[in-house]
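The letter at position 130 of the sequence shown is residue 130 when you use the numbering used here, and the numbering goes up by one with no holes. Backbone N, C-alpha and C define an ideal beta-carbon position, used for all residues, glycine too. These notes are about the structure you will find just below.
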Amino acid sequence: MVEEDILTEKQRKKFLAGLHLQLFWCGERIPDEVEINGKMIPLHEITWELINKPSLNDADKERIEQCILSLSEKARSFEHMLGTDKMTVGEAKDIFDKTAGLLRAVMDLKEIEELPGPARMTKFKEEAKKCTVKDAKGWVKFLAELDE
Numbered sequence: 001m002v003e004e005d006i007l008t009e010k011q012r013k014k015f016l017a018g019l020h021l022q023l024f025w026c027g028e029r030i031p032d033e034v035e036i037n038g039k040m041i042p043l044h045e046i047t048w049e050l051i052n053k054p055s056l057n058d059a060d061k062e063r064i065e066q067c068i069l070s071l072s073e074k075a076r077s078f079e080h081m082l083g084t085d086k087m088t089v090g091e092a093k094d095i096f097d098k099t100a101g102l103l104r105a106v107m108d109l110k111e112i113e114e115l116p117g118p119a120r121m122t123k124f125k126e127e128a129k130k131c132t133v134k135d136a137k138g139w140v141k142f143l144a145e146l147d148e
């Protein structure tokens, strides 16, 4: 598989399927910034600020809900592009990574709402440990399948 090659339907389906695997987001980094409604938002900074807060007030909860909605919409848009647009394998990988990063942020933001401050950080540390091994094995397998 060469990054300049045009994406085949088989490769396209594998990229799309990869976004729907359980724990697909393991190892994905939350983007430092993301454009929402024409404005650059420091997503990574906002997410970590909220994760480390001992408790959330109503404004924090509203901010989380708005982020989840906006990021989910943007991720769906990227996924639609991945599923329909003509592109190279390299472009598909880039869109896949952007989508996975946004979905990782959505997952983290949803968990922020569900857990109190100290439990939140413990949960994130546990998830990071689980993801390390699974991520390495999964990505090696996924990339090998794309080469087929």
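Buried or exposed: lysine 93, going by 16 or more other Cβ atoms within 10 Å of its Cβ? buried
Can you find the residues in the same chain that come closer than 6 Å, C-beta to C-beta, to methionine 87, ignoring five residues on each side of it along the sequence? Leu7
Measuring from the CB of serine 55, is there a heavy atom of the ligand ADP at a distance below 7 Å? In the structure shown, the ligand ADP is absent, as is every other ligand, since no ligand is present at all.
Any idea what DSSP makes of methionine 87, helix, strand or coil? Looking at methionine 87 - three-state DSSP - the assignment turns out to be coil, as it is neither helix nor strand.
Decide yes or no for the touch test of the segment 28 to 40 against the segment 61 to 78: beta carbon pairs closer than 8 Å, at least 3 of them. yes
Rounding to the nearest angstrom, what Cα-Cα distance links valine 89 and methionine 81 in this structure? The C-alpha of valine 89 lies about 13 Å from the C-alpha of methionine 81.
What is the C-beta distance between leucine 71 and leucine 102, in whole angstroms, given that I count them as a contact (C-beta under 8 Å)? Leucine 71 to leucine 102, Cβ: 5 Å. Contact.
Would a C-beta distance cut-off of 8 Å place threonine 47 and alanine 119 closer than the cut-off? no
Which residues share a DSSP beta bridge with valine 34? Ile41
Using a Cβ-Cβ distance cut-off of 8 Å, determine whether leucine 71 contacts chain D. Considering every chain present, this structure includes no chain D. It has just one protein chain.
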